Structures are given as C-alpha cells and as structure tokens.
DNA sequence: GTGTATTTTCACAAACTATTGAAAGTTCTA
DNA sequence: TAGAACTTTCAATAGTTTGTGAAAATACAC
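See the structure below:
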C-alpha cells in the first residue's frame, strides 16, 4: 500500500465510520479529504475527488462549517470559495462531542424534566419513579462532564482524564 | 399529566432518543416499556402495548437480550416466555457504552492500524501522517477510558468521574 | 407419535434518508 | 444593467433501514 492508496483508504474508512456514528457518509468523506489535504480545496475539487454532485457537495460542506470542522478560505483574486479543515484534533474532538451532546443528551434531559413534573409519581408507581430518578442522575452527571470537557483545553484532558484511567 | 400519560410519554421519548443514538426506535421502546414495568411481560403483551407485529417484537427482544439489557424469565407452569429489564441503571449504562464502543470506536482503531503500516508515510506526506497520529492518540485514550469504565463499579464512577468534573 | 401453543424466519411492503441535476439565486466586473 | 462565475435550493429518484404477517420451525402435553 502506498501513500495514495492509504489516503483513499482513510477517506473511505472515515466515511464508513461516520455512518456508525450517525454522521452522513458523504459529510465524513468530505471531512476526511480536507483533513489530509495540506492546503484548501474548492467545492469543484471536492466534487471531482469524491465523485459526488454539486448539490451534495454543497450541502455537506455547509454542514461541516456548522459543526465547526472546516472553514471557508477566500483567496485574493479568486472568486471561488476554498475550504480548509481544522487540523487540531483536540478542537475536532470537542466540536464532535458538543454536537453529539446536543443531539443525544439534551433531548433526554428535557423529557426527564417533563416527566418529573407528573403529580404523585412516586406515590403511584415507585418502579417508574426510581427509573426516572436514576436515569436523571446519570444523564446530569454525563452532561456536566461533557460540558466541562468541551470547555477545557488539551492540557486539562491529558492531565485529568489520563490520571483517571490509570 | 397523570402517571399513565407519563409512562406513555417515557416510552415514546425513549424511542425517539434511541434513534438519535443509533438504536432502532422499536428496540428502545420495548426497553422503556420493560424498564417501567414492575414485573415481567410476555412477547404478546409487548406487541399489544406497543401495537407492533410479532416478528418485529421478536427481533427486538432478541437484540435487547444480546445487549444484556433484558432477561428471559420462565414462569413455572407457563409455556410463554416472559421478559424483564435490568433495572440497575449503572449496568444499563455500561452495556450501552460497551456496545457503542464496539460499533463506533473499534473499527476506527483497526483502520488506523492498517494505515500506519503504509511505507514511508511520514516522509511523503507529513500532513496525513500527523492527522493519523493524532487521531490514533485520541482514540486509543478514549478506548482505554471506556474500557476501564465498563469494567468498573458504580462507586468508582461516583468517586473518580465526579471528582474529575468538579 | 399427534395436536397445540409458542417462537423464529424471511420475502415483501412501507417509511425514511441521501443524492442528483437542473433551475433559481447571488455576487462580482465592467 | 448585462453577463459571467459561482453557490444554493429543491423536486425527483435512488438507496437503505425498519416493520409486517404468514409460513416454518420448535417445544411441550397427552
């Protein structure tokens, strides 16, 4: 396997993994492509490289910008927009965690709060009451841990998090 | 909202959340229903309650058993199988984390290892080399943290993990 | 063994998600 | 303001996942 094959493999693999992670395959591929490209690429170049349509490329580029994983880069004298990936993996990880927290954890907390308001819950159904209470406890803790993580810097991670797993 | 409505809301909500989590909606609903049911339920009862077909109920019940989230319970004198949920939320969380780690993280580690074997990677493409190295570092750390988490007991979590987020 | 209750499988249908490509929109230049 | 270069939108289509229901398999009682 040479470097070119390795790159192709990486792009394909990131795409496949993306779908296991609830991220659209094409979005993950565009991200992978930009990650391993030293400079920036135009929408055109991305379309050609991944053999995808203009519309598809555009939609997924926008989504990556929303997630904070890539940036627009305007070159003087060029009318085209170019895109470049955030290369600091700690930043990449934080963005991904923030998005997943928003999508996966926050709706859960919201529903649990609504249910907790049910009158007489714990008198009428202690099973249900206990389940809701326990889930609430874990999800609140997970939420604050992740909140802290996404606010922290890389050194904090290396320090605290690694100490934890020793 | 009374207790019955609250329960329905919980089952629906857990189902919706499940799909944000890469879990099939019905599987999550069956799980929710069993979680808030004090005793055990037969496949029949689950079908009726959630208005789903026999085949669907059967498939998702099997999947939940695989994940270790529910157990089969055989009642003496009854030919039907009954199912009961694991109610210890710490165990539930560990099972879910273990499954997601297997599905989301392990394939990533595998691909990274394959790519690392590319000859002369770091001579020919330092950008690519750095990206692969950084992703590898983070994912190995995440993997060992989660591994530790799924092996640990609830007290460890309360102690170590909470200290970390303070 | 035979009949009955129950579970499992599987081809097909329905629902959902992603992708395309062409048309509409925008921005810049002269 | 006209026209070129480029970006965005969106209806149609392709692809994927999930659910159904009937038929096959299994387990049990007699």
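Chains as they are written, first to last, in this note's numbering: chain A, 88 to 253; chain B, 88 to 253.
Backbone N, C-alpha and C define an ideal beta-carbon position, used for all residues, glycine too.
It should be emphasised that the depicted structure is a prediction, and the values quoted were computed from it without experimental measurement.
Only those residues of the region 105-134 of chain B whose C-beta falls short of 8 angstroms from the nearest C-beta of chain A are listed: 107, 108, 109, 122, 123, 124, 125. Looking only at 225(A), 195(A), 242(A), the smallest Cα-Cα distance to residue 242(B) is reached by 225(A). Rounded to whole angstroms, the gap between the alpha carbons of residue 203(A) and residue 219(A) is 8 angstroms. Leaving aside the five residues that flank residue 160(A) on each side, the residues in its chain whose CB is nearer than 8 angstroms to its CB run, in chain order, 127, 168, 169, 170, 171. Residue contact with chain A for residue 150(B): absent (no Cβ-Cβ distance below 8 angstroms to any residue of chain A).
Counting only unbroken stretches of 3 or more residues, the beta strand (DSSP E) elements lying wholly within the region 107-180 of chain B are 157-161, 168-172, in sequence order. Legend: CB atoms of the region 180-194 of chain A lying less than 7 angstroms from CB atoms of chain B belong to residues 180, 190, 191, 194.
In the three-state scheme derived from DSSP, where H, G and I count as helix and E and B as strand, residue 185(B) is classed as helix. Residue burial is scored here from C-beta neighbours: residue 213(A) has fewer than 16 other C-beta atoms within 10 angstroms and is therefore classed as exposed.
Assigned with DSSP and collapsed to three states, residue 207(A) falls in coil, not helix or strand. Neighbours of residue 94(A) across chain B, judged by C-beta separation under 7 angstroms: 215. The region 105-115 of chain A makes contact with the region 143-153 of chain A: 3 or more CB pairs, one atom from each, lie closer than 8 angstroms. Scanning its chain for C-beta atoms nearer than 6 angstroms, with the 5 sequence neighbours on each side dropped, one finds around residue 129(A) the residues 167, 169, in chain order. Collapsing the DSSP output to three states places residue 241(A) in a helix.
In its chain, beyond the 5 residues on either side, 169 have a beta carbon closer than 7 angstroms to the beta carbon of residue 162(B). Secondary structure of residue 212(B) (DSSP, three-state): coil.
Residue 221(A) and residue 142(B) have their C-alpha atoms roughly 32 angstroms apart.
Put simply, the region 174-185 of chain A does not touch the region 133-141 of chain B. Fewer than three CB pairs are less than 8 angstroms apart. The beta-carbon separation of residue 152(B) and residue 121(B), rounded to 11 angstroms, does not stay under the 8 angstroms limit for a contact.
With contacts defined as CB atoms closer than 8 angstroms, residue 199(B) and residue 223(B) qualify as a contacting pair. Pairing residue 244(B) with residue 132(A), the inter-Cα distance amounts to about 48 angstroms. The beta carbon of residue 123(B) sits closer than 7 angstroms to those of 94, 97, all from its chain and outside the five residues before and after it, given in chain order. Chain A places no beta carbon closer than 8 angstroms to that of residue 146(B), leaving this residue out of the contacts.
Residue contact check for residue 157(B) against chain A: no CB pair falls below 8 angstroms. In chain order, 176 make up the part of chain B whose C-beta sits under 7 angstroms from the C-beta of residue 222(A). Within chain B, no residue has its CB atom less than 9 angstroms from the CB of residue 196(A), the nearest being about 10 angstroms off.
By the Cβ-count criterion, residue 88(A) is exposed, with fewer than 16 other Cβ atoms from all chains shown falling within 10 Å of its own Cβ.
Between the alpha carbons of residue 206(A) and residue 216(A) lies a distance of about 11 angstroms.
Put simply, of 165(B), 164(B), 155(B) the residue whose alpha carbon is nearest the alpha carbon of residue 177(B) is 155(B).
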